[in-house]
């Protein structure tokens, strides 16, 4: 039943991620679900049967029958026992067949022998409401009145229910070592939303129980009374952290076999506190099962022919319309009681009132754009970089598409510009503010503080599912300058940057290597040799600012490596190449559709809210990337309002990515109107004072940027570094030699942005023309 346990964990995670009610209790019965799924699987053949067997981890229908027989035999044994300490486990199955069908004798005998189920002929078309009430009373009876109104009113109103399978389960057991009611007290319980409530809490002190410990959570095992061996136990899995439930569930989701090997052992406890429980839950299992790969039973594939024969051709098109499940549980000082019911509707294609929408696909087999972005309080973060983004689109449009290469950017450029602005004045300051869409230096400081605080929070988190987002800044100042105390304090408080005095004239090469090693360290060795050799050779460098950024996150729902295959990718030049392509089938995802392109949104894991997402923007046409980029250039605000919604996909194909890129930003910024910082205008006086008049003529000689990114089945990793070099006017020539020009030959064209949960900051942007290219 491992597959049904996985289904349960998926339901738990879905509820925890719900935005409306994060404190909703969930209970369901994998055993009840397993009985129904096993019973319907035995009536299928062909590909549908294969998919059932794969989902249930069984080799054949005989395996299913053997498994179900053991379960039913145990229930019958317990039901026949009259001993007071014996637990109760009652499992009852029923089949209601529309009169247009005749149940096959072989299936009827199997259902009776194994599942103890009797088949009853009914008329769903004329007496649907009567049948619904009959099923509900049947469920209510066999769950000791704990599950009522199982099927909702009107569920058979269209007369389209061909077959109804139902299961009712009831469980009751007493603790081997019960709690004392006199010790039950109201104690604090800490909700996921941070609130604290008082709940009735059962208590034991100085007692022995079975337990197990794992990284991040512990397990308590408490036994129920039985007639011979300990047939039933109850496990409590408690995260170490108050907000650690999602992390623990995600770990169990990644390694479902862990629950089969808890390895409990006897141990002493100074105290055991467990809240009393009493609640119910209901859900429809179809979508979750489809997410787990069980798809064909919910399609009119005509492969339920081992169950019934019909009186019309349309009856051969039976399919499962949905699986309804309701459960309830009560845990108190004496023991536990639980009940569950599962119902499965089989309907015919002919009864469908409307055509299903065509299956949605997202196959990134031609040039596309992507971005990784973050959001705060469920607001997509794009505001404040529209002009920069528009610039980069222009750059990609005019430069990259023509070179058939691929590009990646990090918006850490903005960090360097922020530091520049905060030490400039006059017309230079005005030009910076206009370029960055800011009203004042205080706006920049506030914005930058929020970003650094968020990065620090993530860096301090030790939780394995937390994304990594590290931002480090550094300043190297030539000894001819003295940094102003006000600027030095600001750089330290906001940007966490320490200023170091160096001698560019005498030790330029040493300083270059030092900066490069600093960058290499803080990008986890992903960015090397940021500054080219000889860039300080004439000693005219006055100041160097540097930023290093590193990002890593895992998908909330990773791809299976076993499904990755080499598939066609269509280049802009008309050629087709084979690239490693990650795949998902029959899954749910966030999406949006626009004229000419579609958007897919995939979430990364986080410590609380979903901090980072990755968006893929795929043109409808294979050569549609340029047109899509031009539209985004004309309307950059479009990316702030993608309006994604949840939808089903028959398949999602995304190429694996691994590449790097470097460029010099001066020319592009000048084209956008940011000119004065690159001229000896003498307005960088708010940062340093110099020992000679020429030192007042500081200007930016260039901004060097390097980025790299890797996207695979587990998630994404990226790094970036930006270096800003100041020269003094007396320099006879530019000290920073530009790197040799790069060429990109017909490489995977798509654009992306990585944007974090900060103050509207895009972290990475890029255009890729070939996922195989590794710069």
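Numbering (our numbering), first residue to last: 28 to 802.
Beta carbons are placed, not taken as given, at the ideal position from N, Cα and C, and that holds for glycine.
What you are looking at is a predicted structure, and each value in this text was computed from that prediction instead of being measured.
Collapsed DSSP secondary structure at residue i in the structure displayed
i           : result
residue 670 : coil
residue 742 : strand
residue 663 : helix
residue 32  : helix
residue 222 : coil
residue 292 : strand
residue 62  : helix
residue 176 : coil
residue 211 : coil
residue 700 : coil
residue 335 : strand
residue 93  : helix
residue 135 : helix
residue 191 : strand
residue 169 : helix
residue 470 : helix
residue 714 : coil
residue 71  : coil
residue 4   : This structure does not reach residue 4, given that the chain is present from 28 up to 802, and the question cannot be answered.
residue 157 : helix
residue 287 : helix
C-alpha gap between residue i and residue j, whole angstroms
i           : j           : result
residue 642 : residue 681 : 11 angstroms
residue 440 : residue 749 : The predicted model places residue 440 with a pLDDT of 44, which falls under 50 and marks its position as unreliable, so this point remains unresolved.
residue 322 : residue 620 : 24 angstroms
residue 575 : residue 246 : 42 angstroms
residue 739 : residue 684 : 7 angstroms
residue 203 : residue 274 : 32 angstroms
residue 178 : residue 163 : 6 angstroms
residue 747 : residue 734 : 4 angstroms
residue 608 : residue 589 : 11 angstroms
residue 728 : residue 564 : 14 angstroms
residue 292 : residue 232 : 18 angstroms
residue 597 : residue 646 : 12 angstroms
residue 175 : residue 157 : 16 angstroms
residue 372 : residue 61  : 15 angstroms
residue 552 : residue 194 : 58 angstroms
residue 286 : residue 510 : 59 angstroms
residue 672 : residue 627 : 10 angstroms
residue 314 : residue 189 : 21 angstroms
residue 476 : residue 677 : 43 angstroms
Contacting residues, own chain, Cβ-Cβ under 7 angstroms from residue i (five flanking each side not counted)
i           : result
residue 226 : 213, 214, 216, 302
residue 171 : 197, 366
residue 141 : 92, 95, 96, 99
residue 359 : 303
residue 482 : 496, 497, 498
6 angstroms Cβ shell around residue i - same chain, five flanking residues per side excluded
i           : result
residue 547 : 555
residue 118 : 102, 196
residue 39  : 53, 276
residue 9   : Coverage of the chain is limited to positions 28 through 802, which leaves residue 9 absent and any answer about it impossible.
residue 583 : 630, 632
residue 741 : 581, 585
residue 116 : 102, 105, 198
residue 139 : none
residue 317 : 613
residue 836 : Beyond the ends of the chain as shown, which are 28 and 802, falls residue 836; an answer cannot be given.
residue 390 : 680
Close beta carbons around residue i, own chain, < 8 angstroms, minus the five adjacent residues each side
i           : result
residue 57  : 28, 31, 32, 34, 35
residue 283 : 29, 32, 33, 36
residue 336 : 128, 129, 131, 342
residue 311 : 349, 350, 351, 352
Short CB-CB distance (under 8 angstroms) between residue i and chain C
i          : result
residue 81 : Included in the structure is just one protein chain, with no chain C present.
Is the segment 523-539 touching the segment 600-617, taking contact as three or more C-beta pairs under 8 angstroms? no
Going residue by residue through the segment 589-630, where are the continuous beta strand (DSSP E) segments of at least 3 residues, counting only ones entirely within it? 592-597, 603-621, 624-630
Answer yes if the segment 492-508 comes into contact with the segment 522-529, meaning at least three C-beta pairs across the two stretches below 8 angstroms, and no otherwise. yes
Is the segment 343-355 close to the segment 291-308, with three or more CB pairs under 8 angstroms? yes
Is the number of C-beta pairs between the segment 84-93 and the segment 289-298 that are closer than 8 angstroms three or more? no
Tell me, please, whether the segment 640-655 touches the segment 616-631 by the rule of three or more beta-carbon pairs shorter than 8 angstroms. yes
For the structure I just gave you, are there three or more beta carbon pairs, one from the segment 147-161 and one from the segment 120-133, closer than 8 angstroms? yes
Give, in chain order, every unbroken run of the alpha helix (DSSP H) that is at least 4 residues long and sits entirely within the segment 486-564. 512-522, 531-549
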